[in-house]
Amino acid sequence: MMQFLAKAGLATLLAAGTVAGAVAPASAQVDVYIGSGRPPPPPGYYRPPPPDYDRPPPRRVRGCDPRLAEDIARDYGFRRARVVDVTPRRVIVEGWTRRGADEISFGNVRGCPVLRR
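Here it is in structure tokens:
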């Protein structure tokens, strides 16, 4: 009887060791992340907003944006288009076309309408 209990105890110990050995690596392979993976900040922690929130919104351009005028001139076939003059009424862009140096004028209002080609 003593020999039977010893063998049963050894079998139980061996089975428990096998189960514990199989469970430990399996649990190490399962990682569950919720959120960004960072630990949450400690209680009472305050992070001030970035400094951009303190600035006023950018000023809207009311007239013809010079970059938009250059882009429209490129659409009309101008190469190396550049703004040479901006007045209250018009924006003048110079560049090269198939015929040589040329200029185009845009109205200094929203949308940059073409005045003279």
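Just so we're aligned, residue 9 is where the sequence shown starts under our numbering, counting upward by one. We put the CB at the ideal spot given by N, CA and C, even for glycine. Since the structure is predicted, the reported quantities are computational estimates derived from the model, not experimental observations.
Nearest neighbour of T105 by Cα position, chosen from P64, V94, R125 and A77, turns out to be R125. Taken in chain order, the unbroken stretches of alpha helix (DSSP H) that lie wholly in the segment 66 to 96 and span 4 residues or more are 74 to 83. Proximity of the segment 64 to 71 to the segment 81 to 91 falls short of the contact definition, fewer than three beta-carbon pairs being nearer than 8 Å. DSSP places D60 in no beta strand (DSSP E); its state is neither H nor E. Of all alpha-carbon atoms in C72, Y54 and E111, the one lying nearest the alpha-carbon of R90 is that of E111.
For G103, the enclosing beta strand (DSSP E) has its first and last residue at R98 to T105.
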